[in-house]
Amino acid sequence: AKIKLFQDYLVPAAIIGGLIGFAIVAAGNWLGTVNPDGSKTTALVLGGVAITHKGFNTFVFHAFNVSFMSLLLTTSEKTDLPKAIVRGGMWQTCIWSISLGGQALVGGIIIWLYNLLSGGQLNELLGFLVTHGYTQGPGQAFVMGSIWEKNGVGNAVTIGLIYAAMGFFTAVIVGVPIARWLVRKGVNTNKRASLSREFLVGLMDEKTNIPNGRETTHASNIDTLSYHLAILGVTYLLTYLELGWLQANVKPLFTGNKWLEGVGVLCSMPMFFVHGLMMGYFVRKFLEFVGARRFMDPVVQTRITGASVDFLVVATLTAIEFTILMEYALPI
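One gets our numbering by counting positions in the sequence shown from 1 and adding 590 to each.
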């Protein structure tokens, strides 16, 4: 809120926090912590717990799953969308799909050329992985990186998260200046879009009074936020039980089948977010069926989604290992 550079490039607090976390963990890895016997660890130790980059992968995994499930739990009224929004959505879908395939192709070719010119032995899949991190984001990069690491692609998780971080920085350094220039020129269709002081500094004025959701349960019984978190927690538990059953009973059916083994990946734990999406939909429909939908406030649920995304971004940057970043800097 005090640094104009962050305001000019609309840098979210989560990115700033992630960079601070990355610096702290990297410094701890370099400096270490002195043990009582005089030896040194290779990480910062707090309360007997070593603070490492890989430890934040757990936060990435869960925050990503929560954000997806929360999206499907968010209720909304059925409305007829204006044709302009439908056309814009279809156009964005086309551009996103082209970007998804195009980046994978370019990334794979770049790694292949890098190996050809340098004599390196990098797996070309590390080039294809860019589409999951740069286009889709840290969650998908973590999921695909986890699956690929189990199949022999080394450091895929960390490199995927690096790609995702590069996506954040490209949005800030390239996307934001272009968007601000378009707004200043007045060529944006939505003329209500503006860069208010609150928007720039990231803090609301004391006189601004925007409701942050509706109380749907009485606080003397259960707090509204507690109720929404409880529904989300039940959804998470149901997803875990469903996916655990599939891993034990369905995934083995595909193991060893060279044509269908890839289908079995859908039953693996990294694909939790896909199953969470479906479970979130079923839980929401169940609440509607029993007449409990009116107790789910979309604004409160959106706050949960936003909070999980904030922590996802912080964890993504903090989970990047500095040594791997330096090792693969040139091909990345």
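Using N, Cα and C, we set each Cβ at its ideal position, and we do this for glycine too.
Here the structure is a predicted model, which is why all the values come from computation and not from measurement.
Query: Residue interval of the beta strand (DSSP E) (run including V639); Result: V639 to I641
Query: Endpoints, beta strand (DSSP E) assigned at L856; Result: Counting along the chain, L856 falls outside any beta strand (DSSP E), and DSSP gives it neither H nor E.
Query: Beta-carbon proximity of G744 to T721, cut-off 9 Å; Result: no
Query: Spatial distance of G717 from I699 (CA atoms); Result: 7 Å
Query: Inter-residue Cα distance where the pair is F789 and P626; Result: 49 Å
Query: Length-filtered (3 minimum) beta strand (DSSP E) runs lying within the segment 796–877; Result: none
Query: Run of the beta strand (DSSP E) containing L634, from where it starts to where it stops; Result: L634 to L636
Query: Cβ contact (3+ pairs, closer than 8 Å) linking the segment 879–891 and the segment 663–671; Result: yes
Query: Which listed residue (G618, L661, G638 and L621) has its alpha carbon closest to that of P888; Result: L661
Query: Per-residue DSSP class, three states only, for V762; Result: helix
Query: Residue burial classification, R874 (beta-carbon count within 10 angstroms, cutoff 16); Result: buried
Query: G723 Cβ short of 8 Å to the ligand ADP heavy atom set; Result: Looking at this structure, you won't find the ligand ADP or any other ligand, since it has none at all.
Query: Residue ranges of each alpha helix (DSSP H) within the segment 593–625, 4 or longer; Result: 594–598 and 603–621
Query: Beta-carbon proximity check, G691 vs A905, cutoff 9 Å; Result: no
Query: Continuous alpha helix (DSSP H) assignments of at least 4 residues falling wholly in the segment 739–783; Result: 746–760 and 766–775
Query: A924: first and last residue of the uninterrupted alpha helix (DSSP H) it sits in; Result: Outside the shown range of the chain (591 to 922) lies residue 924, about which nothing can therefore be said.
Query: Nearest-angstrom Cβ-Cβ length linking V963 and S657, presumed shorter than 8 Å; Result: Residue numbering for the chain in the displayed model covers 591 to 922; residue 963 lies beyond these limits and cannot be assessed.
Query: Closest by C-alpha distance to I593, when choosing among V791, M859 and H818; Result: V791
Query: Proximity to F844 [Cα-Cα], best of R782, L707, G854 and T642; Result: G854
Query: Pick from Q693, L850 and I894 that is closest to L822, judged by C-alpha positions; Result: I894
Query: Cβ pair F901, H643 closer than 9 Å; Result: no
Query: Assumed close pair A731, Y753 - CB separation to whole angstroms, cut-off 8 Å; Result: 6 Å
Query: Residues that DSSP places opposite K644 in a beta bridge; Result: Per DSSP, none; premise fails for K644.
Query: Cut-off 8 Å between Cβ atoms - residues of its own chain near L819, not counting five sequence neighbours on either side; Result: I894
Query: Close beta carbons around P767, own chain, < 8 Å, minus the five adjacent residues each side; Result: Y599
Query: Reference I914, options L850, G870, G750 and Q891, closest by Cα; Result: G750
Query: Distance, F879 Cα to P860 Cα; Result: 31 Å
Query: Within 9 Å, strictly: CB atoms of A746 and L719; Result: yes
Query: Buried or exposed (CB count within 10 angstroms, at least 16 for buried), T825; Result: buried
Query: Buried versus exposed, by CB contacts within 10 Å (16 or more), Q682; Result: exposed
Query: C-alpha gap between F759 and W738, whole angstroms; Result: 25 Å
Query: Cβ neighbours of F646 in the same chain (closer than 7 Å, five flanking residues each side left out); Result: A905, T908 and A909
Query: Selected residue, minimal CA-CA separation from Y724, among Q693, L712, M916 and G709; Result: Q693
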